[in-house]
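In what follows, a structure is listed as structure tokens, so that the remarks can point back to it.
Residue numbers (this note's numbering): 632 to 1042.
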């Protein structure tokens, strides 16, 4: 508020100057005009006085008439000068100041009304001052009775407290949990990431952070969740929540082997009498059925053209992937990455190498098989990489042999 008052005073002064400066310039011009008029009046008066002297000398005027005319000229000159000064001094400047001040006050009021967050500031101050009462209210209320407004107030109190204690990882963790309750996994992930940046060994923060990342659902977030949950199960190998979250993450990433291992571990941790045990067994049976499904597999021999032998990097990786040849979808339906070694290389590419469980070789009819040599461990195209490709039909559930010759340099 003090800052706003200072800004408002500055704006008032600035606006007043904007009014006063032109007024002062106008006053200067008026003063020059007055001086010119005064000089002209004085010159004309002197000329008339000289004429009166001549008329008196010639006997055209009596002494009384001469004195009266001379007095009249002098009084007229003084009156004209006073009148001119009164017209251009006091009134113009006073009006300029008044107009400038009023305009500034109105402008400040309009700006304040438009941009101020006074109601929110008042709410923030009331919420922070009532933090203890809010804490007691949440402690006494059941989960179903905690409203969104209460959770938002808690987040507001926590953010305010973190201004003074930004290294408090517990508050960052709590803020992340509140954001999860508010269904804002993006904000929750940011808060929990800060909590883990301060203390990387809090398993509860790892799992809450992973929940936020799983909710976001993109591949990058899922891989981060997988890494944190792998660390969590190392720290707490008997944690049902950690193993369950890791199983869900692995399933979404299409990592069936890891998902199967997680469900198997959960089956040994959970008591058979626990209702969750039946769900774990159901997942294990589901994964067994998926594994028994016939796989679509390509046995690929990758060869290098002799023309590109001298351009082969010393350290690189070989990506072999399949893309739908009948659509514009560029995301691979299956991809394998191996360290580059001596050619020819043998690579197996199957429907189990899918990047996403819902998009694999079993959904395609014709694919473009691509072998690419990359030095940056990234399947995306880069300048100077070496590549070869071939187009083949997909025979679902069967294994077929293919050959790819790397004979292109990407420019």
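Note that CB positions come from ideal geometry on N, CA and C, so glycine has one too. Every value quoted in this text rests on a predicted model; they were computed, and no experiment measured them.
Distance, residue j Cα to residue i Cα
i, j, result
"residue 1024", "residue 952", "15 Å"
"residue 1013", "residue 902", "52 Å"
"residue 862", "residue 641", "56 Å"
"residue 850", "residue 872", "21 Å"
"residue 808", "residue 788", "14 Å"
"residue 790", "residue 875", "31 Å"
"residue 698", "residue 645", "56 Å"
"residue 991", "residue 859", "27 Å"
"residue 693", "residue 678", "19 Å"
"residue 970", "residue 962", "22 Å"
"residue 891", "residue 881", "9 Å"
"residue 837", "residue 817", "15 Å"
"residue 702", "residue 670", "19 Å"
"residue 1007", "residue 908", "44 Å"
"residue 986", "residue 824", "26 Å"
"residue 792", "residue 822", "14 Å"
"residue 905", "residue 869", "15 Å"
"residue 1040", "residue 794", "54 Å"
"residue 733", "residue 684", "57 Å"
"residue 675", "residue 696", "19 Å"
"residue 804", "residue 737", "46 Å"
"residue 980", "residue 867", "35 Å"
"residue 887", "residue 950", "21 Å"
"residue 802", "residue 889", "33 Å"
"residue 689", "residue 682", "11 Å"
Residues that DSSP places opposite residue i in a beta bridge
i, result
"residue 907", "DSSP lists no partner for residue 907."
"residue 970", "948"
"residue 979", "930"
"residue 1032", "930"
"residue 965", "953"
"residue 1021", "1000"
"residue 935", "1037"
"residue 841", "In DSSP, residue 841 forms no bridge with anything."
"residue 1005", "948"
"residue 805", "Partner(s): none; residue 805 has no beta bridge."
"residue 810", "Partner(s): none; residue 810 has no beta bridge."
"residue 987", "990"
Closest by C-alpha distance to residue i, when choosing among the options
i, options, result
"residue 926", "1029, 836, 964 and 837", "1029"
"residue 941", "1038, 895, 881 and 873", "1038"
"residue 856", "868, 834 and 869", "834"
"residue 782", "947, 966, 798 and 815", "815"
"residue 1042", "887, 1016 and 944", "1016"
"residue 975", "967, 1036 and 907", "1036"
"residue 1019", "1005, 1031, 1027 and 1026", "1005"
"residue 939", "1003, 904, 703 and 733", "1003"
"residue 1027", "995, 792, 682 and 1033", "995"
"residue 943", "1001, 868, 906 and 972", "972"
"residue 865", "887, 832 and 688", "832"
"residue 978", "1034, 681 and 947", "1034"
Close-in-space but distant-in-sequence residues of the same chain around residue i (CB under 7 Å, 5 per side omitted)
i, result
"residue 879", "845"
"residue 894", "878, 911, 914, 915 and 918"
"residue 984", "965, 966 and 967"
"residue 820", "840, 843, 844 and 847"
"residue 1022", "956, 997 and 999"
"residue 936", "1036, 1037 and 1038"
"residue 779", "813"
"residue 798", "829"
Cutoff 8 Å: residue i Cβ touching any chain C Cβ
i, result
"residue 983", "Although the question refers to chain C, the structure presented lacks it and comprises just one protein chain."
Own chain partners of residue i with C-beta closer than 6 Å, once the 5 adjacent residues on each side are dropped
i, result
"residue 812", "782"
"residue 800", "826, 829 and 830"
"residue 884", "853"
"residue 785", "809"
"residue 982", "926, 927, 991, 992 and 993"
Close Cβ partners of residue i (< 8 Å) along its chain, the five nearest in sequence each way excluded
i, result
"residue 1032", "929, 930, 931 and 932"
"residue 954", "960, 961, 962, 963, 964, 998, 999 and 1001"
"residue 948", "968, 969, 970, 971, 1004, 1005, 1006 and 1008"
"residue 796", "802"
"residue 958", "none"
"residue 946", "971 and 1006"
> Okay, do the segment 880-900 and the segment 929-941 touch, 3+ Cβ pairs below 8 Å being the bar?
Replying inline: no
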